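Its first residue numbered 36, the sequence shown is counted upward by one per residue in our numbering.
Here a beta-carbon is modelled for each residue, glycine too, at the ideal position from N, C-alpha and C.
Only a predicted model underlies this, so the values are computations on that prediction, with no experimental measurement involved.
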Amino acid sequence: MQGFVRTSTPGYRGQRLLCVNGDIEFVDSRVSRGVQAADMSAYVLRRYREEKTASKAVRKANARLVKALGPALVH
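What follows is the structure, given as structure tokens:
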């Protein structure tokens, strides 16, 4: 976060972050569909990127999961 305050966010129209609005809140993902979706997306992407020694079937399944997330997943 501090780097984005000093420089800017990445992307086409980067902007400096002057502050983060609100407090960071940690919630149990079992009670929040949005947090469940974020957890699942992060898990699928991590698995896709890091499972280099997995079997061909596992790599294929991971690729299908990443494809199913489609444009919702930015990596």
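Given a cut-off of 9 Å, decide if residue j and residue i are closer than it, judged by their beta-carbon atoms.
| i | j | result |
| --- | --- | --- |
| serine 76 | leucine 104 | yes |
So, for residue i: in the same chain, excluding its five sequence neighbours on each side, which residues have a beta-carbon less than 6 Å away from its beta-carbon?
| i | result |
| --- | --- |
| glycine 69 | none |
Please determine, among the options, the residue with the shortest C-alpha to C-alpha distance to residue i.
| i | options | result |
| --- | --- | --- |
| lysine 102 | Ser90, Val79, Ala89 and Glu85 | Val79 |
Contact check, residue i vs residue j under 8 Å by CB: the rounded distance?
| i | j | result |
| --- | --- | --- |
| arginine 99 | glutamate 86 | Not quite, the Cβ-Cβ distance comes to about 13 Å (not below 8 Å), so this is no contact. |
Taking 8 Å as the limit between beta carbons, can you name the residues of its chain near residue i, skipping five residues before and five after?
| i | result |
| --- | --- |
| asparagine 97 | Val79, Arg82, Tyr83, Glu86 and Ala89 |
| serine 74 | Residue 74 is actually aspartate in this sequence, not serine. Around aspartate 74: Ser64. |
| valine 62 | Val70 |
Would you say residue i faces chain B, with C-beta separation under 9 Å as the test?
| i | result |
| --- | --- |
| aspartate 58 | Included in the structure is just one protein chain, with no chain B present. |
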